[in-house]
């Protein structure tokens with residue numbers, strides 16, 4: 026091995042078919058591409074004499090095996106590479122014993138010398154150019170073309186076909202990515218406690234139209250028996266897998282914190298300390314609310330996030346904007362976060378959201394808040410699911426927006 030290169034791994038990874046023989050033409054190594062091209066298993070080739078493992082088609086022209094054998098012997102005798110341009114050598118049919126498939130190859134045999142300078146190994150690179158021979162391009166290779174030019178034409182055809190296959194694989198992978206991304210995001214936003222509140226709580230998540238369905242916005246919901254529950258939304262700067270990974274860690278940390286410290290302000294303090302140790306988490310925003318159903322009180326704390334809206338059943342509304350503090354990790358030192366409370370009446374609706382719902386380019390955030398509250402005032406009697414859909418539609422983001430959107434609608 027030279028310079029730390031694992032040559033076996035290299036040849037296993039290359040898409041070109043390679044095979045290594047000793048000077049007795051016994052196969053010592055074969056890469057994955059060679060197995061794919063010939064339809065053989067590794068144990069059918071390794072340790073076998075080449076012309077036993079890949080026998081000649083008895084009905085093929087007489088010079089097929091002879092040409093290949095002579096090329097290999099020339100390499101051993103001269104110590105120089107040897108090329109066979111557009112050489113026919115048929116392959117035993119995998120599904121039909123005793124039958125052969127017509128194959129054409131562009132073959133290069135390269136010697137590997139030992140310490141004494143004599144040939145010890147032969148590397149065979151065999152590109153299958155059968156498709157080229159059967160194409161209209163081959164008919165254009167007249168006698169005016171040299172053997173080298175014919176070989177180059179076949180090589181170009183093989184490379185083009187290889188590129189086509191790789192492009193097809195990339196297209197298939199790309200087609201899978203959106204579904205994989207959606208599955209990932211759904212798993213990261215899973216909140217099992219929501220299953221017990223299907224009639225009173227609706228949630229929505231929409232990735233930015235320019236992203237791959239994985240983003241930094243999130244929501245969470247936690248039951249705190251016997252008579253309290255907590256909800257949160259948050260926003261990590263950026264899009265893509267890194268933002269989603271940071272989102273997942275912050276969401277999990279806050280979910281754990283509210284279970285052990287049922288105070289929104291203290292839970293956000295814990296999250297702020299964690300955010301300072303997490304790359305990509307500084308400047309993330311979050312708002313946490315705790316609903317106490319016995320006292321009919323909403324307790325909340327806000328870390329740089331747009332204020333939730335408490336919508337009364339008569340269409341009036343209030344912003345939860347009395348306990349707002351800088352984003353997570355914004356301060357160099359720990360400072361207690363503010364907390365506020367707001368009473369509610371059964372039948373009121375609490376709406377938590379991320380900035381993608383209201384922000385528009387070249388527009389003040391107050392304009393977006395006004396549009397939100399105006400729309401909410403018109404749908405105060407809607408059930409949570411209908412209200413969530415109407416809100417997205419009324420703010421013209423039902424089909425997506427430039428930024429991510431997370432939304433929770435809670436009928437109190």
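In our numbering, the protein residues as written are 26 to 437.
For each residue, glycine too, the CB sits at the ideal point set by N, CA and C.
query, result
"Nearest-angstrom Cβ-Cβ length linking residue 373 and residue 335, presumed shorter than 8 Å", "6 Å"
"Endpoints, alpha helix (DSSP H) assigned at residue 67", "67 to 70"
"Minimum C-alpha distance to residue 423 - residue among 39, 231, 366", "231"
"Residue environment, residue 53, which counts as buried when at least 16 other CB atoms sit within 10 Å", "exposed"
"Classification of residue 189 by the beta-carbon crowding that lies within 10 angstroms, buried from 16 upward", "Note that residue 189 has pLDDT 47, beneath the 50 cutoff, so the model's placement of it is unreliable and no number is given."
"Residues of its chain near residue 119, where Cβ-Cβ distance is below 7 Å and the 5 sequence neighbours each way are ignored", "64"
"Complete runs of the beta strand (DSSP E) confined to the stretch 253 to 289 [at least 3 residues]", "253 to 264"
"Contact check, residue 375 vs residue 430, beta carbons under 8 Å", "no"
"Status (buried if at least 16 other CB within 10 Å, exposed otherwise) for residue 272", "buried"
"Cβ contact (3+ pairs, closer than 8 Å) linking the stretch 36 to 45 and the stretch 138 to 154", "yes"
"Uninterrupted beta strand (DSSP E) stretches inside the stretch 285 to 367 (no shorter than 3 residues)", "310 to 317, 322 to 328, 334 to 336, 342 to 344"
"Supposed close pair residue 314, residue 255 - CB separation, criterion 8 Å", "7 Å"
"Residue 101 and residue 73 closer than 8 Å at C-beta", "no"
"Segment limits, beta strand (DSSP E) that includes residue 47", "43 to 47"
"Collapsed DSSP secondary structure at residue 120 in the structure displayed", "coil"
"Through-space distance from residue 78 to residue 16, alpha-carbon basis", "What the structure shows of the chain is the stretch from 26 to 437, and residue 16 is not part of that stretch, so it cannot be assessed."
"Straight-line Cα distance separating residue 383 from residue 192", "Low confidence applies to residue 192: its pLDDT is 49, below 50, so where it sits in the model is not reliable, and the reading given next is rough at best. Roughly 40 Å separates the two Cα atoms."
"Own chain residues within Cβ distance below 8 Å of residue 284, not counting five before or after", "247, 249"
"Distance cut-off 7 Å: residue 148 Cβ against heavy atoms of the ligand GDP", "The ligand GDP is not part of this structure, which contains no ligands at all."
"Three-state class that DSSP yields for residue 33 in the structure shown", "helix"
"Beta-carbon proximity list for residue 90, same chain, < 7 Å, skipping 5 on both sides", "76, 81"
"Buried versus exposed call for residue 294 [16 or more other C-beta atoms within 10 Å across all chains shown]", "buried"
"Closest by C-alpha distance to residue 359, when choosing among 301, 103, 58, 117", "301"
"CA-to-CA distance, residue 37 to residue 280, given in whole angstroms", "46 Å"
"Cβ-Cβ separation, residue 368 to residue 321 (assumed contact under 8 Å), whole Å", "6 Å"
"Test item: CB-CB of residue 348 and residue 363 under 8 Å", "yes"
"Length of the line joining the Cα atoms of residue 219 and residue 35", "51 Å"
"Rounded Cβ spacing between residue 438 and residue 227 (contact assumed at less than 8 Å)", "Outside the shown range of the chain (26 to 437) lies residue 438, about which nothing can therefore be said."
"Under the three-state DSSP convention, the category residue 24 falls into", "Beyond the ends of the chain as shown, which are 26 and 437, falls residue 24; an answer cannot be given."
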